[in-house]
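Colleague: In terms of the numbering used here, the sequence shown is numbered consecutively and its last residue is 395.
Structure in structure tokens, see below.
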Amino acid sequence: MSDSTSFTKIFLAQIKRDLLLGVVKRNEWLNPIVFLVLVQTLFPLALGGSPDLLENIAPAIIWVSALLATLVSLESLFRDDFEDGSMEQMLISASPFYVFTFAKIICHWLLSGLPLVLICPLLAMSFGIKPDVLPVMLLSLLLATPVLCCISALASALTLNARRGGVLLSLIVLPLYVPVLVFATGALSQAAIGVSPAGALYMLAALFIFALSATPFVLSAALKLSLSDA
Numbered sequence: 166m167s168d169s170t171s172f173t174k175i176f177l178a179q180i181k182r183d184l185l186l187g188v189v190k191r192n193e194w195l196n197p198i199v200f201l202v203l204v205q206t207l208f209p210l211a212l213g214g215s216p217d218l219l220e221n222i223a224p225a226i227i228w229v230s231a232l233l234a235t236l237v238s239l240e241s242l243f244r245d246d247f248e249d250g251s252m253e254q255m256l257i258s259a260s261p262f263y264v265f266t267f268a269k270i271i272c273h274w275l276l277s278g279l280p281l282v283l284i285c286p287l288l289a290m291s292f293g294i295k296p297d298v299l300p301v302m303l304l305s306l307l308l309a310t311p312v313l314c315c316i317s318a319l320a321s322a323l324t325l326n327a328r329r330g331g332v333l334l335s336l337i338v339l340p341l342y343v344p345v346l347v348f349a350t351g352a353l354s355q356a357a358i359g360v361s362p363a364g365a366l367y368m369l370a371a372l373f374i375f376a377l378s379a380t381p382f383v384l385s386a387a388l389k390l391s392l393s394d395a
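This is how it looks when you write it as structure tokens:
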């Protein structure tokens with residue numbers, strides 16, 4: 166059996182394991198969805214339902230609520246694997262540790278990022294978003310949510326040993342979210358006024374490629390550091 170085949174099997178087995186755990190611990194990925202739905206439902210009610218006002222501020226509300234929703238279950242991303250010894254077993258196994266970290270990122274996106282991609286365009290209709298803007302929103306979500314998951318995973322790894330690391334985690338994550346927020350809201354705002362959002366989407370695509378290619382290796386080093394300090 167070739168190394169690539171072995172790595173693929175380990176990668177898929179890790180994703181399957183995390184998805185099954187996600188089904189058991191469904192609150193960890195349901196809470197961000199409930200938070201997102203509540204925020205994006207309450208804003209139109211609080212602002213009085215003015216169509217012009219809602220349309221103007223819709224990109225900011227949609228993306229800020231999506232960013233905050235990713236923080237709800239962030240602290241537990243690696244906590245269970247760290248406490249039950251699974252992470253140490255992966256570290257001393259024959260397979261590269263980045264296979265484990267990449268699988269964690271993908272599973273984190275499937276459980277927390279993909280629901281945002283599916284729900285946000287539906288909720289956006291309550292803000293009066295034009296139908297021709299929805300494809301831009303969907304594309305921006307598909308490009309940006311994996312970047313958010315990579316940033317979240319890295320911050321979670323760096324604060325793994327910290328007591329009450331929730332506040333520290335937010336302080337690390339929120340500034341790193343800013344470029345994603347700027348380009349994502351820019352793409353929606355430009356599409357809403359009839360300007361091509363290509364430039365902002367290209368920047369999101371660049372962040373997407375960089376994050377997925379670099380984060381597994383940086384994340385491996387951060388987790389090894391946390392394990393050595395434990």
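For every residue, glycine included, the Cβ atom is placed at its ideal position computed from N, Cα and C.
Skipping 5 residues on each side, what residues in its chain have a beta carbon closer than 8 Å to that of C314?
Modeller: Excluding residues within five positions, the ones whose Cβ falls inside 8 Å are T235, I270, H273, W274, S277, G278.
Colleague: Helix, strand or coil: which one does DSSP assign to K190?
Modeller: Looking at K190 - three-state DSSP - the assignment turns out to be coil, as it is neither helix nor strand.
Colleague: Starting from the C-beta of L299, find all residues in its chain whose C-beta is less than 6 Å away, skip the five residues before and the five after it, and write them out in chain order.
Modeller: Answer for L299: P286, listed in chain order.
Colleague: Is the number of C-beta pairs between the stretch 183–193 and the stretch 304–322 that are closer than 8 Å three or more?
Modeller: Counting Cβ pairs under 8 Å, fewer than three are found: no touch.
Colleague: What's the call for T266, buried or exposed, on a 16-neighbour Cβ count within 10 Å?
Modeller: It is buried - the Cβ of T266 has at least 16 other Cβ atoms within 10 Å.
Colleague: Which residues mark the beginning and the end of the alpha helix (DSSP H) in which W228 is found?
Modeller: Looking at the DSSP string, the run of the alpha helix (DSSP H) that includes W228 is 216–234.
Colleague: Counting Cβ pairs closer than 8 Å, one from the stretch 207–222 and one from the stretch 287–294, do we hit at least three?
Modeller: Judged by Cβ distances under 8 Å, the stretch 207–222 makes contact with the stretch 287–294, as three or more pairs qualify.
Colleague: So, using beta-carbon positions, are S171 and L201 closer together than 8 Å?
Modeller: No, they are not a contact pair.
Colleague: Would you give the residue range spanned by the alpha helix (DSSP H) that P261 belongs to?
Modeller: Premise fails: P261 is in no alpha helix (DSSP H) and is neither H nor E.
Colleague: With H, G and I counted as helix, E and B as strand and the rest as coil, what does DSSP make of M166?
Modeller: Only weak support is given to the placement of M166: the predicted model assigns it a pLDDT of 47, under 50, and the question is left unresolved by the model.
Colleague: Within its chain, find whatever has a CB closer than 7 Å to the CB of F348; leave out the 5 residues flanking it on each side and keep chain order.
Modeller: Result list for F348: A365, M368, L369, in chain order.
Colleague: Along the alpha helix (DSSP H) that carries I316, what are the first and last residues, could you check?
Modeller: Start and end: 299–323.
Colleague: Let me know the secondary structure DSSP gives A379 once reduced to three states.
Modeller: Note: A379 maps to helix in three-state DSSP.
Colleague: Quick one, which of L177, G213, D297 has its alpha-carbon nearest A356's?
Modeller: When each option's Cα is compared against that of A356, the closest is D297.
Colleague: Between A387 and the rest of its own chain, which residues show a CB-CB distance below 7 Å, the 5 nearest in sequence each way excluded?
Modeller: Excluding sequence neighbours, A387 sits near L319, A322, L323.
Colleague: Within 10 Å of its beta-carbon, does Q205 have 16 or more other beta-carbons around it, so buried, or fewer, so exposed?
Modeller: The residue in question, Q205, is buried, as its Cβ has 16 or more Cβ neighbours within 10 Å.
Colleague: What span of residues does the alpha helix (DSSP H) with D245 cover, start to end?
Modeller: Taken as a continuous stretch (DSSP letters only), the alpha helix (DSSP H) holding D245 covers 244–248.
Colleague: If you follow the alpha helix (DSSP H) that L287 is part of, which residue opens it and which one closes it?
Modeller: Segment 279–289, the alpha helix (DSSP H) holding L287.
Colleague: Taking the alpha carbon of I198 as the point to measure from, which residue in I284, K174, I316 has its own alpha carbon closest?
Modeller: The option with the nearest alpha carbon to I198 is I284.
Colleague: Would you mind working out which of I180, D246, L384 sits nearest I316, comparing C-alpha positions?
Modeller: Nearest of I180, D246, L384 to I316, Cα basis: L384.
Colleague: Could you work out which residue in E253, K181, A289, D245 is closest to S393 when comparing CA atoms only?
Modeller: Nearest C-alpha to S393: E253.
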